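Below you'll find the structure, written out as structure tokens, and then a few comments.
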Amino acid sequence: MGNLLHTFAVTFDIAAYCLLLDRQGWQRPLAALLVASVGLQLLIGLAGGSHSQLLLAFSLLGVFFYGTLATLLYRDSSGNWLIKLIATIDLLMALVLLLRVGKALAFSPLVRFDDDWLTLLLYLTLYLVVTINGFGFLLLAKQNDDRSLYQALDELALVDEQRFEFLAQASHEFRTPAALIKASLDSLRFLPDEMSPALQQRIDNIRRATQRLTDLSNTLL
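For the record, in the sequence shown the residue sitting at position 80 is 101 according to this note's numbering, with numbers rising by one throughout.
Spelled out as structure tokens, the structure:
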């Protein structure tokens, strides 16, 4: 049961990093590998396989899964030391499991809870995997969130700069005709004083509207 749970755990670990690294098209292959791995271990157990055979199958599957995860992380490291550290720990786990496979095939069958140096190394490496992969995932997620936040701030600054340029241009476009209209109205002062009151009223209305347009252009900046 513990081996099956560990198979699920490392599969979910790979799925989590695929999501974090924005990998595409991994769901079906990973699901198929999980079903095949669990099915193989169950088949060995139902067929009356020994503990040594189950441990050998578990070790072989572990080599494949941890090697796959290490390869995935190395390919997407992009100079990130944390991703490289996690990948190195996973690769170390795959190598330790590979040594167990070699021991089982060349020397003696694997024994559950054996106290030899290789089993102790396996437990130590597994502890490192749990610690580094767990906290490393959280740190990588925080790095991604920080990167997204900085990108959003940069985009906001760019939008604000574009808004300022637009308002400055709009203010200029308002001020130019307003200044021309105001200058034209001021030139009417040199005309004879016998303008009709109605014409004078219209000129005053235009002057007030022009002043409002000028005030509006000043508020844009």
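All residues carry an ideal CB built from backbone N, CA and C; glycine is no exception. Just so we're clear, the structure is a prediction, and the values are computed from it rather than from any experiment.
- A direct Cα-to-Cα measurement between isoleucine 110 and valine 151 gives close to 10 Å.
- With a contact defined as Cβ atoms closer than 8 Å, arginine 121 and serine 80 qualify at about 5 Å.
- The count of Cβ pairs closer than 8 Å, one atom from the segment 96–115 and one from the segment 51–65, stays below three, leaving the stretches out of contact.
- The count of Cβ pairs closer than 8 Å, one atom from the segment 36–55 and one from the segment 88–105, reaches three, so the stretches are in contact.
- Across the structure, leucine 142 and valine 56 are spaced so that their CA atoms are roughly 29 Å apart.
- Closest by C-alpha distance to threonine 235, out of Leu188, Gln221 and Lys203, is Lys203.
- The continuous alpha helix (DSSP H) containing phenylalanine 79 extends over residues 72–96.
- Secondary structure note for proline 130: it is in no alpha helix (DSSP H), with a DSSP letter that is neither H nor E.
- Using a Cβ distance threshold of 9 Å, lysine 124 and leucine 139 count as a contacting pair.
- Nearest to leucine 26 by alpha-carbon distance, out of Leu82, Leu67 and Leu94, is Leu82.
- By the beta-carbon neighbour count (other beta carbons within 10 angstroms, threshold 16), phenylalanine 86 is buried.
- DSSP, reduced to helix, strand and coil, places arginine 44 outside both helices and strands of the structure shown, so it counts as coil.
- In this structure alanine 115 is in contact with valine 84, their Cβ atoms being roughly 5 Å apart against a cut-off of 8 Å.
- Short of 7 Å from the beta carbon of leucine 177, and not among the five residues preceding or following it, lies no beta carbon of its own chain.
- Separation of the CB atoms of isoleucine 65 and leucine 75 is rounded to 6 Å, and the pair is thereby assigned contact status at 8 Å.
- The C-beta distance from aspartate 34 to leucine 90 rounds to 7 Å, short enough to fall under 8 Å.
- Alanine 230 counts as exposed, since fewer than 16 other C-beta atoms from the protein chains shown sit within 10 angstroms of its C-beta.
- With respect to the 9 Å criterion, threonine 92 and valine 117 are not classified as neighbours on the basis of their beta carbons.
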